[in-house]
Every structure is written in C-alpha cells, then in structure tokens.
Amino acid sequence: MVQELIEKIREEIDMVSKEESLTEIGKGFTLWVIEQYYAMPREEAINVMTDSSGDKRVDALIEREDTIIIIQCKYFDDENKEIGEKEVSTFKGCIDWLKQPDEVQQLNLSKLYDASKTFEERWNEGANVELHYFAFGKFSDAANRERRVFNNSEYRDRIQMYFHEIDDILNLYQANLQLANPLSSETINLELIPKQFFLRKEGDFPSVVATIKGKDLIPHCMPSMVIDYLRGI
1 MVQELIEKIR EEIDMVSKEE SLTEIGKGFT LWVIEQYYAM PREEAINVMT
51 DSSGDKRVDA LIEREDTIII IQCKYFDDEN KEIGEKEVST FKGCIDWLKQ
101 PDEVQQLNLS KLYDASKTFE ERWNEGANVE LHYFAFGKFS DAANRERRVF
151 NNSEYRDRIQ MYFHEIDDIL NLYQANLQLA NPLSSETINL ELIPKQFFLR
201 KEGDFPSVVA TIKGKDLIPH CMPSMVIDYL RGI
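UniProt numbering numbers the first residue of the sequence shown as 1 and each following residue consecutively.
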C-alpha cells in the first residue's frame with residue numbers, strides 16, 4: 001500500500017510538471033508541495049516560487065502575517081536516498097544571502113530578487129522565519145544534528161528549520177484524501193427494524209446499534225473509485 005501511494009504521488013507530480021510545462025521534475029515537486037501543504041490555488045502557488053535552479057536552496061517564499069516561510073524541495077527517484085549535512089548547511093545560509101537584495105539582483109532573476117527584497121523588509125520589521133525542507137526521500141542523522149544545532153542558535157526565537165521527509169509527505173497526502181472523501185456528501189436512508197435497534201450512550205459520543213436489511217444497501221453500492229479511496233489508493 002505504501003508503495004502504491006508513493007507511485008500515485010509521483011504520477012501527480014509528473015502531471016503537474018506537464019500541465020505547467022516545467023522542464024525540471026524538481027520544480028513540479030515544489031509546486032505539488034505548495035498546493036498540498038499550503039492549500040494554495042495553482043496560480044498563487046506558481047507566483048510564490050522563485051525562478052532559478054541555482055538559487056541558494058530557495059525554491060519558494062511565502063508571506064504570512066508575522067512569518068516568512070522559505071521552502072526548499074528535493075525530489076529523488078529513490079525515496080530511500082538521504083539529504084545530508086552539506087545540503088542543510090547550504091539551505092540555512094540563504095538567510096544571510098536573502099538579506100542582500102543588491103547581490104541577488106546581479107543574478108538577473110526577477111522573482112528571486114523580489115523575494116529577497118520582501119525578505120529584507122519583513123526581517124527588518126521583526127518577522128519570524130520558518131525554513132521548510134521537503135525531501136521525497138529521507139534526512140540523514142548528520143542532517144538532523146545540523147538542524148538541531150541551527151534551531152538552538154542565537155536566532156532561535158525568530159528562526160526555526162523544519163524537515164518533511166517521505167513518511168511525512170505520505171501522511172499529509174492521506175490526510176488530504178480524507179478531506180476529499182467522496183462519501184462526505186452522500187446521504188443514505190436506511191429503514192430501522194422495529195425492536196432491533198437501541199441507543200448506546202457510553203462515552204462521549206452516543207451511537208445507534210441496529211440491524212438493517214441487506215437489500216437496503218443495494219441502491220448504495222459503492223463505485224470502484226470509492227472502494228479505492230477506502231483502501232487508501
């Protein structure tokens with residue numbers, strides 16, 4: 001089942017890449033992550049993405065009321081591959097780099113330059129910063145140590161780094177499937193057989209225990225796509 005979910009997500013990422021004519025699958029992964037994690041419409045998600053692959057590990061920048069969210073995504077063909085300490089060190093270095101829009105401007109990348117100007121302004125206003133590293137894979141022990149050290153630095157009250165690896169991505173994807181439950185809008189009317197049901201009031205949630213006629217379920221036979229949903233695929 002886990003492998004089926006992984007392949008389903010890969011298919012969605014590939015579809016997103018094709019729909020938006022993205023030549024790099026990594027950018028498709030970034031777009032998919034923003035849509036899934038931050039519930040952004042496609043156009044808005046594209047707007048918060050930066051415009052370069054050589055961008056100091058900054059794939060997207062999202063503004064919130066009191067927080068700036070910086071996103072880096074790494075897509076692996078093998079979900080067992082690991083992000084190492086070096087990649088994490090490079091990612092955390094984007095903080096100092098984004099504070100210098102004049103240097104970023106020299107790259108002639110308009111969206112990245114705009115992101116840098118936004119970051120500098122919000123940082124000077126006192127905004128908090130969240131660094132989110134998404135990996136379609138895993139993080140090594142050394143990478144996790146690097147994150148813990150960074151999260152306890154002198155800026156720990158304003159800056160924190162978060163890791164999201166393959167297990168986290170799968171959990172979120174399944175949660176989003178629950179929100180998109182195809183049964184949520186279904187109404188099923190069943191006749192209760194007299195003297196063959198009772199109310200159970202144990203616990204916090206009252207319930208009805210009843211016997212129903214099997215033939216009453218026939219009109220509500222579930223289509224294959226709903227069965228797939230219940231199986232989690």
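Yeah, the Cβ is synthetic: ideal placement off N, Cα and C, and Gly gets one too.
Predicted, not measured: the structure shown is a model, and the values here were computed from it.
Check: According to DSSP, is T23 helix, strand or coil?
Finding: Along the sequence shown, read from residue 1 onward, the residue named residue 23 stands at position 23. Note: T23 maps to coil in three-state DSSP.
Next item on the list: Return the chain-ordered ranges of every alpha helix (DSSP H) run that is complete within the stretch 125-153 and spans a minimum of 4 residues.
Entry: Secondary structure in the stretch 125-153: the alpha helix (DSSP H) runs of 4 residues or longer, each lying completely within the stretch, are 141-150 in chain order.
Check: When burial is assigned at 16 or more other CB atoms within 10 Å of the CB, is V2 buried or exposed?
Finding: Mapped onto the sequence shown, residue 2 falls at position 2. V2 should be labelled exposed.
Next item on the list: Taking all protein chains shown into account, decide if G126 is buried (16 or more other Cβ within 10 angstroms of its Cβ) or exposed.
Entry: What you label residue 126 is simply residue 126 of the sequence shown in a count that begins at 1. Classification of G126: exposed, given that the 10 Å Cβ count is below 16.
Margin query: Give me the DSSP bridge partner(s) of E63.
Written below: As a working mapping, residue 63 is identified with position 63 in the sequence shown. The partner list for E63 (beta bridge, DSSP) reads I68.
Checklist line | Three-state secondary structure (DSSP) of E165 | finding: Counting from 1 along the sequence shown, the entry for residue 165 is found at position 165. Here E165 sits in coil by DSSP.
Checklist line | Inter-residue Cα distance where the pair is K8 and A143 | finding: If you number the sequence shown from 1, residue 8 lands on position 8. If you number the sequence shown from 1, residue 143 lands on position 143. Roughly 28 Å separates the two Cα atoms.
Check: From this set, Q178, N108, V48 and G84, which residue's C-alpha is nearest I71's C-alpha?
Finding: The residue given as residue 71 occupies position 71 in the sequence shown. Among Q178, N108, V48 and G84, the Cα nearest to that of I71 is on V48.
Next item on the list: With a threshold of 16 other CB atoms inside 10 Å of the CB of S17, please say whether the residue is buried or exposed.
Entry: Numbered from 1 along the sequence shown, position 17 holds the residue referred to as residue 17. With 16 or more Cβ atoms within 10 Å of its Cβ, S17 is classed as buried.
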